[in-house]
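Asks: Chains as they are written, first to last, in the UniProt record's numbering: chain B, 1 to 223; chain H, 1 to 335.
First, the structure itself, so that you have it in front of you.
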């Protein structure tokens, strides 16, 4: 999936300006990091791509389609093409790992057979195949995050967004998670990871976008 | 998206393949659609079972609210059948002015019997009236002491229609018409009691309609409130579903089915209540009615009425859920 931001601004109703004049272009199949202090606008940028929020100025093109032209009814279809690992949208604790991962497929109306096959493939990918029947609560923090990733990729999205996916994980686990994203990127998925862990980001040697107070201050080089 | 599943997540080929039809709509698959509905129907029922006490209470409140108008309906239906069976020969009695000659009275009698809505006219002369009166009243002594026969000529007009609740108004019209004839002093239709009963019945009917409307609104509110709580308790799930691309219709569906279950179970219990209650009162009621009339059978909810009751309750359940869900799902937005 190809993403283009053209002088995008987002001003909340409260008057707070979360993003202003943000422009960048992510090629199909590219992987990039998004860094910046907390409050720099990383999450807002992700939300715009998910159409959780709408920009107040500028243009966002996804595969050449201006998001402003999509109606409310088109949002679900759009979201099915994007996998997300968001910090605050965690796993549902009233169902097993398997059913958590199956959710995006159920929502898009896949049949049981297909769901079982794809959920197991996704869990296998993140190394949790043998824990499909567990309740997420019985898993460690790193495992939970991997379940979230499995859920994000089970629908075979063309864009993977991750907001602080290594938030509370130790460096070793963080590196593992990052390697997972890299693997998805290797098979052609466009990946954008928001992280404030600059050391980790630097080691990954990918393009880095840096936000500061809602402005894109660095685009391109490694951090 | 319409692409074959590959064993492991996205591949370059699959990503390319799906790139060209954007924005896409998944193809409509009817059998899958019905399967989904069946699954949701089952799951929403299981969800009710997972909160048995709360569910039973809601269902019972709905059942009670529905059985009140249902019970009233059964009562009215029985009163109606009883009164319908009380159909009998109606008589309009015309008391003619006492100074009228026999010939004039006879002419009037012929004239009336020629009317199409009159079956026959019985002519009761002053003497016949006196004899009949003496026989039935026991005042022979008193009457024979009178120098003159005080009784008027009476015409007993038998209309073609028997008197019952439905024909009452046309019979009254006939009586009014006969009363206007100059020879007639008083015209009486022997159906005052029926008139009163008809009034009571129509009052009862209106009362039960109003009560039904109120209680149906109550059921709407009960279901709406229960669904609101259910939506609120599944807030996280709704958020995650929105995040992974669930349509509003998809999110709404389990709650609508929940409303459906509440409605239909409420309807089932309401019907049961009515059946049990009418069975319970049937023996004394039949004995009571037997005093006035033979072969009375208490009517209860029949199959059609049970089906109607379930249809209405299921519809009200879904509708109540619809209102609540639309209000509350819109409030749950990703942030």
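All residues carry an ideal CB built from backbone N, CA and C; glycine is no exception.
Using the beta-carbon of each residue, which ones in chain H are nearer than 7 Å to residue 92 of chain B?
Replies: Counting from one through the first chain, the residue named residue 92 of chain B turns up at place 92. Chain H residues near residue 92 of chain B: 236, 237 and 240.
Asks: Quick one: is residue 15 of chain B buried, meaning 16 or more other Cβ sit within 10 Å of its Cβ, or exposed?
Replies: Taking the first chain and counting its residues from 1, one reaches residue 15 of chain B at position 15. That one is exposed.
Asks: Quick one: which residues of the UniProt domain "ABC3 transporter permease C-terminal" (210 to 327) of chain H get their C-beta closer than 7 Å to a C-beta of chain B? List them in chain order.
Replies: Answer in chain order: 236, 237, 239, 240, 241, 243, 244, 245, 246, 247 and 250.
Asks: Residues of chain B with CB closer than 7 Å to the CB of residue 334 of chain H, please, in chain order.
Replies: Taking the second chain and counting its residues from 1, the one referred to as residue 334 of chain H is at position 334. Within 7 Å Cβ-Cβ: 52.
Asks: So which residues of chain H does residue 111 of chain B contact, with C-beta pairs closer than 8 Å?
Replies: Residue 111 of chain B sits at position 111 when you count from the first residue of the first chain. Here the neighbours are 32 and 35.
Asks: Have a look at residue 164 of chain B and residue 54 of chain B and give me their C-alpha separation to the nearest angstrom.
Replies: Translated into positions along the first chain, residue 164 of chain B becomes position 164. Translated into positions along the first chain, residue 54 of chain B becomes position 54. Going by the C-alpha atoms only, they are around 21 Å apart.
Asks: Going by DSSP, which residues form a beta bridge with residue 219 of chain B?
Replies: Taking the first chain and counting its residues from 1, one reaches residue 219 of chain B at position 219. Paired residues: B/209.
Asks: Apply the 10 Å Cβ neighbour rule to residue 258 of chain H and answer buried if 16 or more other Cβ atoms are within range, or exposed otherwise.
Replies: Taking the first residue of the second chain as 1, we reach residue 258 of chain H at position 258. Buried, since its Cβ has 16 or more Cβ neighbours within 10 Å.
Asks: Which word fits residue 23 of chain H, buried or exposed, when buried means at least 16 other C-beta atoms lie within 10 angstroms of its C-beta?
Replies: To locate residue 23 of chain H, count along the second chain from 1; it is residue 23. Confidence is the limiting factor: at residue 23 of chain H the pLDDT is only 42, short of 50, which leaves the residue's position unreliable and the question unanswerable from this model.
Asks: Going by C-alpha to C-alpha distance, which of B/20, B/111 and B/188 sits closest to residue 157 of chain B?
Replies: To locate residue 157 of chain B, count along the first chain from 1; it is residue 157. Among B/20, B/111 and B/188, the Cα nearest to that of residue 157 of chain B is on B/188.
Asks: Is there a Cβ of chain B sitting closer than 9 Å to that of residue 199 of chain H, yes or no?
Replies: Locating residue 199 of chain H in the second chain gives position 199, where the first residue counts as 1. No, no contact with chain B.
Asks: Identify, in the order they occur along the chain, each residue of the same chain with its Cβ nearer than 6 Å to the Cβ of residue 150 of chain B, setting aside the five sequence neighbours on each side.
Replies: Taking the first chain and counting its residues from 1, the one referred to as residue 150 of chain B is at position 150. Excluding residues within five positions, the ones whose Cβ falls inside 6 Å are 101, 122, 123 and 126.
Asks: Determine the extent of the alpha helix (DSSP H) in which residue 39 of chain H is found, giving its start and end residues.
Replies: Residue 39 of chain H sits at position 39 when you count from the first residue of the second chain. Residue 39 of chain H -> alpha helix (DSSP H) spans 30 to 50.
Asks: How far does the beta strand (DSSP E) with residue 25 of chain B in it extend, from its first residue to its last?
Replies: Sequence index remark: in the first chain, residue 25 of chain B carries index 25 (1-based). First-last of the beta strand (DSSP E) with residue 25 of chain B: 17 to 26.
Asks: Between the stretch 273 to 287 of chain H and the stretch 175 to 191 of chain H, do at least 3 Cβ pairs fall closer than 8 Å?
Replies: Judged by Cβ distances under 8 Å, the stretch 273 to 287 of chain H makes no contact with the stretch 175 to 191 of chain H, as fewer than three pairs qualify.
Asks: Since residue 92 of chain H contacts residue 198 of chain H with CB under 8 Å, what's their CB separation in whole angstroms?
Replies: On the second chain, residue 92 of chain H is found 92 positions in, with the first residue counted as 1. On the second chain, residue 198 of chain H is found 198 positions in, with the first residue counted as 1. Contact doesn't hold; Cβ gap of about 18 Å is too wide.
Asks: Please report the straight-line C-alpha distance between residue 180 of chain B and residue 63 of chain H, rounded to a whole angstrom.
Replies: Translated into the one-based positions of the first chain, residue 180 of chain B becomes position 180. Translated into the one-based positions of the second chain, residue 63 of chain H becomes position 63. Those two C-alpha atoms are separated by around 55 Å.
Asks: Take residue 241 of chain H as the anchor and find which of B/99, B/2, B/6 and B/40 has the nearest alpha-carbon.
Replies: Here residue 241 of chain H is taken as the residue at index 241 of the second chain, counted from 1. Nearest of B/99, B/2, B/6 and B/40 to residue 241 of chain H, Cα basis: B/99.
Asks: Return the CA-CA distance between residue 211 of chain H and residue 305 of chain H, expressed in angstroms with no decimal places.
Replies: If you number the second chain from 1, residue 211 of chain H lands on position 211. If you number the second chain from 1, residue 305 of chain H lands on position 305. So the two alpha carbons sit approximately 18 Å from each other.
Asks: Do the stretch 90 to 98 of chain B and the stretch 52 to 70 of chain B touch if we need at least three Cβ pairs shorter than 8 Å?
Replies: Contact fails: fewer than three Cβ-Cβ distances are below 8 Å.
Asks: In whole angstroms, give me the CA-to-CA distance for residue 168 of chain H and residue 72 of chain H.
Replies: For the purposes of this step, residue 168 of chain H is identified with residue 168 of the second chain, where counting begins at 1. For the purposes of this step, residue 72 of chain H is identified with residue 72 of the second chain, where counting begins at 1. Going by the C-alpha atoms only, they are around 24 Å apart.
Asks: Closer than 8 Å by C-beta to residue 105 of chain B: which residues in its own chain qualify, once you throw out the five before and the five after it? Chain order, please.
Replies: For the purposes of this step, residue 105 of chain B is taken as the residue at position 105 of the first chain. 114, 115, 118, 119, 154 and 155, listed in sequence order.
Asks: Buried or exposed: residue 141 of chain B, going by 16 or more other Cβ atoms within 10 Å of its Cβ?
Replies: For the purposes of this step, residue 141 of chain B is taken as the residue at position 141 of the first chain. It is exposed - the Cβ of residue 141 of chain B has fewer than 16 other Cβ atoms within 10 Å.
Asks: What residue does the alpha helix (DSSP H) around residue 107 of chain B start on, and which one ends it?
Replies: As a first step, residue 107 of chain B must be located in the first chain, where it is residue number 107. That run of the alpha helix (DSSP H) goes 97 to 107.
Asks: Which word fits residue 152 of chain H, buried or exposed, when buried means at least 16 other C-beta atoms lie within 10 angstroms of its C-beta?
Replies: Translated into positions along the second chain, residue 152 of chain H becomes position 152. Residue 152 of chain H comes out buried.
Asks: DSSP puts residue 31 of chain B in a beta bridge; with which residues?
Replies: In the first chain, residue 31 of chain B corresponds to position 31, counting from 1. Residue 31 of chain B pairs with B/191.
Asks: On the DSSP bridge list, what partners appear for residue 60 of chain B?
Replies: If you number the first chain from 1, residue 60 of chain B lands on position 60. According to DSSP, residue 60 of chain B bridges with B/5.
Asks: Going by DSSP in three states, residue 186 of chain B sits in which element: helix, strand or coil?
Replies: Locating residue 186 of chain B in the first chain gives position 186, where the first residue counts as 1. Helix at residue 186 of chain B.
Asks: Would you decide whether residue 206 of chain B is buried or exposed? Buried here means 16 or more other CB atoms lie within 10 Å of its CB.
Replies: Indexing the first chain from 1 puts residue 206 of chain B at position 206. The residue in question, residue 206 of chain B, is buried, as its Cβ has 16 or more Cβ neighbours within 10 Å.
Asks: For residue 4 of chain B, which residues of its own chain have a beta-carbon under 6 Å away from its beta-carbon, when the five flanking residues on both sides are left out?
Replies: In the first chain, residue 4 of chain B corresponds to position 4, counting from 1. Excluding positions up to five away in sequence, the list reads 25 and 61.
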